[in-house]
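Per the working numbering, the very first residue in the sequence shown carries number 19; after that it's consecutive.
Below you'll find the structure, written out as structure tokens, and then a few comments.
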Amino acid sequence: MKTIIQIILFLAFMFSYGNRIDLLNTTQEVIDFVREVHPDFDDPKFTIRSTEQMKKDLYCDGIFNDWNVKNWEKVDLNHDGRTDLVFTAHFYGYKSYVLLDTGSDTYSLLPLPKKSSSRNCDFTQVIKIDGKNYLKHHGQIQIRDNENKNQIRYKTISVIDTLTVKYGGIFELDDNQTSYTIEQVSIETVPCFGTCPVFTLTIDKTGNTQFIGKEHVSKKGKFTTKIPQQTVDALWAMIAYAKLKELKNEYENPWADGRTVTIRVDFSDGSTKKIRDHGLQGTFGLRSIYDKLMELVTKTDWK
Numbered sequence: 019m020k021t022i023i024q025i026i027l028f029l030a031f032m033f034s035y036g037n038r039i040d041l042l043n044t045t046q047e048v049i050d051f052v053r054e055v056h057p058d059f060d061d062p063k064f065t066i067r068s069t070e071q072m073k074k075d076l077y078c079d080g081i082f083n084d085w086n087v088k089n090w091e092k093v094d095l096n097h098d099g100r101t102d103l104v105f106t107a108h109f110y111g112y113k114s115y116v117l118l119d120t121g122s123d124t125y126s127l128l129p130l131p132k133k134s135s136s137r138n139c140d141f142t143q144v145i146k147i148d149g150k151n152y153l154k155h156h157g158q159i160q161i162r163d164n165e166n167k168n169q170i171r172y173k174t175i176s177v178i179d180t181l182t183v184k185y186g187g188i189f190e191l192d193d194n195q196t197s198y199t200i201e202q203v204s205i206e207t208v209p210c211f212g213t214c215p216v217f218t219l220t221i222d223k224t225g226n227t228q229f230i231g232k233e234h235v236s237k238k239g240k241f242t243t244k245i246p247q248q249t250v251d252a253l254w255a256m257i258a259y260a261k262l263k264e265l266k267n268e269y270e271n272p273w274a275d276g277r278t279v280t281i282r283v284d285f286s287d288g289s290t291k292k293i294r295d296h297g298l299q300g301t302f303g304l305r306s307i308y309d310k311l312m313e314l315v316t317k318t319d320w321k
């Protein structure tokens, strides 16, 4: 009888709140849950180490300790009333993730991309601004050292970003809203030393979409379709919030031969913005836009 009552209470809780993340209490429960809901983590090498172990591994000149980072936290990050999960996995190195509860026991995984530095100095802290949850992210990048004119050298600098979760992605927080009138967006990828997908994707303001698959994609050749206007509007909103028009024209990782993406946006005023991102070192907002476009590539039924 007691067991039946417990089951009824559990089902009542799940019906009322619909969020299994609320029930997580230990690191092992978080590990098991993440493995269950996201197949990429169904790997013996995936784990979430203790905060104490992370303090040793991610010391980073004492910055990690000063920030009081936790190995995982339960918070509502996109302010929709559902509890989300922030965790730092040890999975071929340390990396931070957000697992969004998207309702009806479905979840969306948002990785926080590492910067170009090989040091263990990428970590994420949950912070509050005006009573709402956001993320503060510490990373390190290499930039050209212009002090030495006779030799090309790079120096490492820390980069701290305040991040928000919007439109199903992670963006730099910016309260100064902007709007763009966009005619067309295109993205092009090029080969790398590996199996990077090589393709071109073009979308216009009415949803007419063209895909040209070249290498390491499920379909090769030229395909067309029409995506829903709602999807176009969401993508346009992401581009505006990321302030793509005001970003740099080029981002570069000086050491890695990683993926390179070139994105081009044609605006209704006749202007064009083109960004080449070598090693995917652009902003968090740019990465979220790339991920959205890649999702269209992999999930569209190309004819």
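Where a beta carbon is used, it is the ideal one built from N, C-alpha and C, also for glycine.
Restricting to Cα atoms, I'd like to know which of T220, V203, T207 and L130 is closest to I178.
Residue numbering aside, residue 178 sits at position 160 when the sequence shown is read from its first letter. It is L130 whose Cα lies nearest to the Cα of I178.
So the candidates are P209, E201, E70 and K88; which of them puts its Cα closest to the Cα of K232?
Locating residue 232 in the sequence shown gives position 214, counting from the first residue. Ranking the options by Cα distance to K232, first place goes to P209.
If W90 sits next to F105, beta carbons under 8 Å apart, how far is it from one beta carbon to the other, in whole angstroms?
Position 72 of the sequence shown, counted from the start, is the residue given in the question as residue 90. Position 87 of the sequence shown, counted from the start, is the residue given in the question as residue 105. That belief holds up - the Cβ atoms of W90 and F105 are roughly 4 Å apart, short of 8 Å.
Tell me which residues share the same chain as V87 and place their Cβ nearer than 6 Å to its Cβ, disregarding the 5 neighbours each side in the sequence.
Reading the sequence shown from its first residue, position 69 is the one you call residue 87. The answer, listed in chain order, is F141 and Q143.
Can you tell me which of S306, E264 and R38 puts its alpha carbon nearest to the alpha carbon of G187?
Locating residue 187 in the sequence shown gives position 169, where the first residue counts as 1. G187 has its Cα closest to that of S306, out of S306, E264 and R38.
Quick check on the DSSP output: the beta strand (DSSP E) that includes D284 runs from which residue to which?
For the purposes of this step, residue 284 is taken as the residue at position 266 of the sequence shown. From DSSP, the beta strand (DSSP E) with D284 extends over T278 to F285.
Measure the C-alpha to C-alpha separation of D319 and E47 and round it to an integer number of angstroms.
The count along the sequence shown starts at 1 and reaches residue 319 at position 301. The count along the sequence shown starts at 1 and reaches residue 47 at position 29. Each residue's Cα considered, the two are about 36 Å apart.
Minimum length 3: unbroken beta strand (DSSP E) runs contained in the region 190-233:
200-207, 216-222 and 226-233
Is it buried or exposed, H156, if we count other Cβ atoms within 10 angstroms and call 16 or more buried?
Locating residue 156 in the sequence shown gives position 138, counting from the first residue. H156 should be labelled buried.
For the beta strand (DSSP E) that E91 lies in, which residues bound it at each end?
Here residue 91 corresponds to residue number 73 of the sequence shown, with the count starting at 1. That run of the beta strand (DSSP E) goes W90 to V93.
Measure the C-alpha to C-alpha separation of I71 and G111 and round it to an integer number of angstroms.
Against the sequence shown, residue 71 aligns to sequence position 53. Against the sequence shown, residue 111 aligns to sequence position 93. The amino acid at residue 71 is misidentified as Ile; the sequence shows Gln. Distance between the alpha carbons of Q71 and G111 is about 13 Å.
Taking Cβ positions, are A255 and Y308 nearer each other than 8 Å?
Sequence index remark: in the sequence shown, residue 255 carries index 237 (1-based). Sequence index remark: in the sequence shown, residue 308 carries index 290 (1-based). Their beta carbons are not under 8 Å apart, which means A255 does not touch Y308 by this criterion.
Use the C-beta contact count for Y172: other C-beta atoms within 10 angstroms, 16 or more gives buried, fewer gives exposed.
Translated into positions along the sequence shown, residue 172 becomes position 154. With fewer than 16 Cβ atoms within 10 Å of its Cβ, Y172 is classed as exposed.
So, helix, strand or coil for T69, using DSSP?
For the purposes of this step, residue 69 is identified with residue 51 of the sequence shown, where counting begins at 1. Note: T69 maps to helix in three-state DSSP.
Residues near C139 in its chain [Cβ-Cβ closer than 6 Å; skip 5 each side]:
By one-based count along the sequence shown, residue 139 stands at place 121. Within the same chain, C139 has close Cβ partners C78 and Q158.
Can you find at least 3 beta carbon pairs, one from the region 211-225 and one from the region 291-302, that sit closer than 8 Å?
no
If you scan the region 43-130 from start to end, which runs of the beta strand (DSSP E) of 3 or more residues do you find wholly inside it?
90-93, 102-108, 112-121 and 124-129
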